[in-house]
Ligand SMILES: *[C@@H]1O[C@H](CO)[C@@H](O)[C@H](O)[C@H]1NC(C)=O
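Numbering (full-length UniProt numbering), first residue to last: 1 to 492.
Set out below in structure tokens:
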């Protein structure tokens, strides 16, 4: 069975390869325009200097004027200024979806890239063209279904992760909705990706109640190796190490992982090496450790809501300021981090970082149920296994594609993608250890340039990851960088 599985993964990868060759500049996703850097600042309007966020200039950080200074205030929701609503593009304000288009200027529809238009239907296609072909994700061409990346196809099967489809499984009597999907630790699991056709699924999912089953554990330099569990809603459990005045970072793991998984340990230690802050590990292992990926995937909205309520609680009872909160997650946890940002009620998260957010069963067309640009004042996505385990299209405010974002050097053949998938949190952990992240990245003109491996510098470079985040530096768009094959990965 293993042989069949590997063989069919090869087929799937081979089938996906022509994508990179058949797209061209004319398919450039609209938000980035197709003709040059002068289109880059567009999201912020063309009619006044005050609308043009200088940080997006090409001149470099030293030319960046306030309100994007780097004087410590970058922990404030700086990209949108601290002093006036007119500076606040409010792309994804607290008031509701009708405010979503705001980041692109309020004075002209032609300035609005409309990735997330005002009504239900237009939320879906707009970034990818305005004609009949708008349902087709433009980065992959407008002229044929073969250019459409399988996960995003137009029919019912579009959410099924094609790379895992196993003709071999069918030969062995499994129905086509059974697929092999590797978990965060690289183990392959047979899962049913059609929740409406459970077929011969072996056993019912264990009960999972996010309210009671999600465990929040606080680590600081005082208790680096002995986390302190905080009970949501109970201020008496904040304990001796909690300091609400500090920066606070949340880490959320992915499928079949738990609070002790590598992603948590690496990132927690990196944060505490960097500074004495509150690091809270979100352990939703009771929900994540399930042989059925679909079941785990369907828990993330509840997990996200539970984490959001916990942050509201820490704000209300623990003195935590929202400006000091970053939420980072890997794979399913990457989308969960976005959900957290959507569900907090007492403030707005400073930063969300999604580390190779999962692809299977997530859709570009459903931003309400995945990580999206408005989930925090700054939303960064790091893509390392795009198109297989990780989401390939840009879905953050700033999307970084190390080594092109699909496979990673040092990972060998990596048919299942688990090595490349894990690189996202390895890169990120390394980036936060030092004051200045070494992952300098080139801002490309558009996502097609990433796919075609011909990134044309367009706008200021930026650092991937890092601590603090790029909040306040006006970083947006898609970025390319290369890394070393082994740790240390950064090349400066
Ligand atoms: C809650 O968060 C808001 C927004 O960051 C902040 O202004 C407020 O002071 C916080 N509340 C407490 C009790 O710290």
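C-beta atoms are modelled at their ideal positions from N, C-alpha and C, and glycine is treated no differently.
Beta-carbon contacts of residue i that lie in its chain and below 6 Å, excluding the five residues immediately before and after
i	result
residue 232	310, 313
residue 410	485, 486
residue 285	258
residue 15	Caution applies to residue 15, whose pLDDT of 33 falls short of 50 and renders its modelled position unreliable; the value that the coordinates give is listed next. Nothing meets the Cβ criterion.
residue 469	351, 378
residue 467	274, 432
residue 398	380, 475, 476
residue 235	317
residue 423	384, 408
residue 394	447, 478
residue 346	312, 315
residue 419	411
residue 417	385, 388, 389
residue 305	343
residue 392	386
residue 414	420
residue 13	In this predicted model, residue 13 has a pLDDT of only 37, less than 50, meaning its place in the structure is not dependable; the value taken from the coordinates is given anyway. Excluding positions up to five away in sequence, the list is empty.
8 Å Cβ cutoff met for residue i and residue j
i	j	result
residue 374	residue 406	no
residue 254	residue 358	yes
residue 433	residue 270	yes
residue 339	residue 301	yes
residue 428	residue 327	no
residue 371	residue 248	no
residue 396	residue 381	yes
residue 495	residue 481	Past the edges of the chain, shown from 1 to 492, lies residue 495, and the structure says nothing about it.
residue 332	residue 296	yes
residue 472	residue 421	no
residue 353	residue 308	no
residue 361	residue 329	no
residue 208	residue 299	yes
residue 568	residue 289	Residue 568 is absent from the structure shown; the chain starts at 1 and stops at 492.
7 Å Cβ shell around residue i - same chain, five flanking residues per side excluded
i	result
residue 488	430
residue 238	230, 318
residue 502	This structure cannot speak to residue 502, because the chain is shown only from 1 to 492.
residue 454	none
residue 276	220, 221
residue 450	401, 404, 405, 444, 478, 480
residue 243	278
residue 267	251, 328, 425, 428, 429
residue 461	440, 441, 442, 443
residue 245	319
Neighbourhood of residue i by C-beta distance below 8 Å, restricted to the same chain and skipping five residues each side
i	result
residue 492	438, 440
residue 303	210, 214, 252, 282, 284, 287, 336, 339
residue 272	219, 220, 221, 224, 279
residue 436	463, 466
residue 456	444, 445, 449
Residues near ligand 1, criterion Cβ-heavy atom distance below 7 Å: Working through the chain, the matches are 244, 315, 316, 319, 320, 321, 322, 323, 346, 347.
- request: Would you mind listing the alpha helix (DSSP H) stretches within the stretch 406-489 that are 4+ residues and don't spill past its ends, in chain order?
  value: Taken in chain order, the unbroken stretches of alpha helix (DSSP H) that lie wholly in the stretch 406-489 and span 4 residues or more are 418-433, 447-451.
task: Entirely within the stretch 296-384 and at least 3 residues each: give me those beta strand (DSSP E) ranges in chain order.
output: Segments of the beta strand (DSSP E) lying fully in the stretch 296-384: 325-330, 351-355, 378-382.
task: Could you name each continuous beta strand (DSSP E) segment of 3 residues or more that falls completely within the stretch 229-298, going from the start of the chain to the end?
output: Listed in chain order, they are 248-252, 278-283.
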